[in-house]
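Single-structure report; data block below.
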Amino acid sequence: MDALDEKLNATYDGKVLRKDLLHRIKKGTNVPTFVLEFLLAKYCASSDQAEMDAGMEAVLSTLQENYVRPDEANAAQSRVATRGQHRFIDKVHVRYVEKEKRHWAALENFNSQRIAVGEKFYRDNDRLLEGGIWAEVTLSHNAIEEDDYAFYIEELRPIQLSRFDFDRYMEGRKEFTRDEWMDAILRSVGLEPSKLTQRVKMHFMARLAPLVEPNYNYIELGPRGTGKSYFFSEFSPYATLISGGQATKATLFYNNNRKKVGLVGYWDTVAFDEVGGIKVRDPDTIQIMKDFMANGRFSRGVEVIADASLSFVGNIDLSVHQVVNSTEYDLFQPLPPELDLAVMDRFAAYIPGWEMPKNSSEFLTNRYGFITDYLAEAFHYQFKHTNRYEEVSKRIRLGKAIEGRDEKGIKKTVCAFLKILHPTGPPTDEEFEEYVAYATECRRRVKEQMNKRKPDDEFALINLSYFKAGGEEVVVFCPESKNALATQEPARRGLRLVETNPGADAAIVPETPPSTTVVPEPVPAVSETPPVLEIRDTEPTEQHFTIKYGDTGHSYDSILGPYLQGAKAITIEDPYIRLQHQIQNFVRFCETVVNYGTARKITLITGYDDGLQQADAMEKLGDLKQSLIELDVELDVQHNPSIHDREIRLDNGWVIKIGRGLDFYQKPGSWFEVGVSDLSLRRCLETKVDIFRQPG
């Protein structure tokens, strides 16, 4: 052990472990780090080699016996059935099934969606209902044949500390210098600080900021394989990582149908992985996100206040040197258009992910660090119970170029550094100035890139500065763009008048001057020519046409898509939504509606020949209804045996009549041919289509 190892063991006995033990186990399993370290802490929290070796045997044995891999689900179910009960380590989700008016649990790797769960479990652990939690779960077999479930949860213990003493944590911190403490935290996340520069260490501290500072929003774009998402998927049980496709307002913020707050109400940090792939079906999602990022509150019929921080991580495939020297491109290039300037302006910091080292065993430590769960609890306590903003405000002095959101972002970044590195009290002037300089640089990176995008001078004050304790003003630059004229003094686009069509008012569009900087190589994945803005008449028109037998190229999206814009309620009358393939067609119709993002209610009026047929169809439609609720869309199914017309009515005034209803496709000759999944490639039956506006 080196000096820091000895000090950690002496000060935090039982709260630290050797990190190479984790690396040895981690390679053979996809269990999160905090779960593995929960077991290591249970059996290996010692400095005695013999005890550690015995503990490793116990950990491996526990994983072998209690952790189920996805391909072993059937064997695990059989084990519970034959033994009567068994304990598992798995991620547990609980969902409410409306049509049954009850809750069901599911284990990720156990492959059963109908595990009975007592109310006390999800009442005491809210996050079971929102994203799920890792836990030690005792499953028992239900031998009563009349019941509709085979397994039930007898015991559930979340994998996290049952008690945490923050005063003890702070008392131990006093034994360490600032640099020792920073190294201890880096070792706690598995990195060897002696292999890292001070600047890279600061980047890693900044990654931890949303875990300690409420309503802290940052972005990090960089190459693949630098561990951007690790802190949110592996490090803390109080953070959740979601993919861009899950970015719905019902999932994130508030589900009106379930009357439940979304992820921001249950997690300290919600991180968006692969942010460049975010797909926003409903424009309201971004507006709510802007409100929430600005002040931690939003309204969706009810006023919601939450503390969650939002982190955006993703890849940047462009050459940073080329981008900062280009008059056309900026470092926000990978972001989807929905994340506009208003969202960017709410980022407190932009961490330069391109400066981070690639994941490699070279940077892993074999020294001691905090048990991950212990450090995560310390961060969670500070997230909920400490506020350093007033302390920072009294001490910091910022330059005149710093505006409202600049000031807030810089101060919150400094607050995060104080919580992580100085939980017991204030830093020295030198340390404080180091944090202010770093925070100012990260905010300047945001502002520089917004300034390149904006055709006017709204974000032109990019020379952000602060004052040292001695009164000296320091202007902070971003190292990648300090000498890049295209970023420091971006060309301003003039305005020219363009006639859109004779007799119409002229439209004002940006005029781009010739590029003043030569880019050495073409930048991939983006258009070489900036788009020209035009005003076009995009209002859909009435249509009357015939789809001929054998035609292709007709899908629900191509026929209905242009008319769904702005529709909130949709009513579909079709007497033949009863057989398997007809219900599948209706599911695809609902997917088209959801993709356009504005509809909140779908009403289906259909008919059935007998009660048995109706019961079978309603069971399938019930599953569809449940999945739509998760997307904040209500499905109302009404039975009317006398209907014979087939039409779709939208509350924006459009009516779509298809002679055959939704079932105008030929049955495929084989379910393994082109056109089975993509309806635009499926051959059609002959039918007439009439699309018109309702009078009035």
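First residue of the sequence shown? That's 638 in the numbering used here, and the numbers climb one at a time after it.
Using N, Cα and C, we set each Cβ at its ideal position, and we do this for glycine too.
Same chain only: Cβ atoms within 7 Å of residue i, ignoring 5 sequence neighbours per side
i, result
"residue 1250", "1215"
"residue 1181", "1327"
"residue 719", "none"
"residue 1023", "1056"
Environment of residue i [buried if 16+ CB atoms lie within 10 Å]
i, result
"residue 957", "buried"
"residue 981", "buried"
"residue 810", "buried"
"residue 641", "buried"
"residue 820", "buried"
"residue 965", "buried"
"residue 856", "buried"
"residue 1278", "exposed"
"residue 1309", "exposed"
"residue 824", "buried"
"residue 1169", "Low local confidence applies: a pLDDT of 38 at residue 1169 is under 50, so the model's placement there is unreliable, and no value is given."
"residue 1031", "exposed"
"residue 1117", "buried"
"residue 651", "exposed"
"residue 1376", "Within the shown structure, residues of the chain are numbered from 638 to 1333, placing residue 1376 beyond reach of any answer."
"residue 1275", "exposed"
"residue 1113", "buried"
"residue 1186", "exposed"
"residue 1046", "buried"
"residue 707", "exposed"
"residue 831", "exposed"
"residue 1061", "exposed"
Distance between residue j and residue i (C-alpha atoms, nearest Å)
i, j, result
"residue 1088", "residue 1096", "5 Å"
"residue 937", "residue 931", "16 Å"
"residue 1090", "residue 1196", "36 Å"
"residue 1004", "residue 686", "13 Å"
"residue 1240", "residue 740", "26 Å"
"residue 1129", "residue 1040", "21 Å"
"residue 1268", "residue 953", "30 Å"
"residue 1034", "residue 1108", "9 Å"
"residue 1048", "residue 656", "33 Å"
"residue 750", "residue 742", "6 Å"
"residue 653", "residue 815", "18 Å"
"residue 950", "residue 697", "33 Å"
"residue 854", "residue 813", "30 Å"
"residue 736", "residue 1225", "22 Å"
"residue 858", "residue 1082", "12 Å"
"residue 1263", "residue 790", "23 Å"
"residue 905", "residue 1018", "11 Å"
"residue 636", "residue 681", "Past the edges of the chain, shown from 638 to 1333, lies residue 636, and the structure says nothing about it."
"residue 845", "residue 1282", "59 Å"
"residue 973", "residue 1234", "17 Å"
"residue 924", "residue 1074", "32 Å"
"residue 730", "residue 1319", "38 Å"
"residue 908", "residue 1203", "30 Å"
"residue 941", "residue 894", "15 Å"
Cβ-based neighbour list, residue i, same chain, cut-off 6 Å, excluding 5 preceding and 5 following
i, result
"residue 1015", "806"
"residue 615", "Lying before the first or after the last residue shown, residue 615 is absent from the chain, which here runs from 638 to 1333."
"residue 1331", "1290 and 1292"
"residue 638", "none"
"residue 595", "A query on residue 595 cannot be resolved here, the shown segment of the chain reaching from 638 to 1333 and no further."
Beta-ladder partner(s) of residue i, from DSSP
i, result
"residue 722", "777"
"residue 654", "1006"
"residue 742", "731 and 752"
"residue 1104", "1110"
"residue 1291", "1330"
"residue 951", "858"
"residue 1029", "Bridge partners of residue 1029: none, in fact."
"residue 1238", "1206 and 1271"
"residue 644", "Paired residues: none, contrary to the question."
"residue 1325", "1183"
"residue 1243", "1276"
"residue 941", "935"
Sequence-distant residues of its chain with Cβ nearer than 8 Å to residue i (five each side left out)
i, result
"residue 1324", "1183, 1184, 1295, 1296, 1297 and 1301"
"residue 927", "979, 980 and 983"
"residue 1010", "671, 674, 675, 678, 796, 797, 798 and 874"
"residue 996", "862, 863 and 864"
"residue 1198", "1229 and 1233"
* Could I get the ranges of all uninterrupted beta strand (DSSP E) runs contained in the region 857-922, with 3 residues as the minimum, in chain order? => The beta strand (DSSP E) runs of length 3 or more contained entirely in the region 857-922 are, from start to end of the chain, 876-880 and 906-910.
* Please specify which runs of the beta strand (DSSP E), each continuous and at least 3 residues long, are wholly inside the region 773-844, giving them in chain order. => Residue ranges of uninterrupted beta strand (DSSP E) with 3 or more members, entirely inside the region 773-844 and ordered along the chain, are 788-795.
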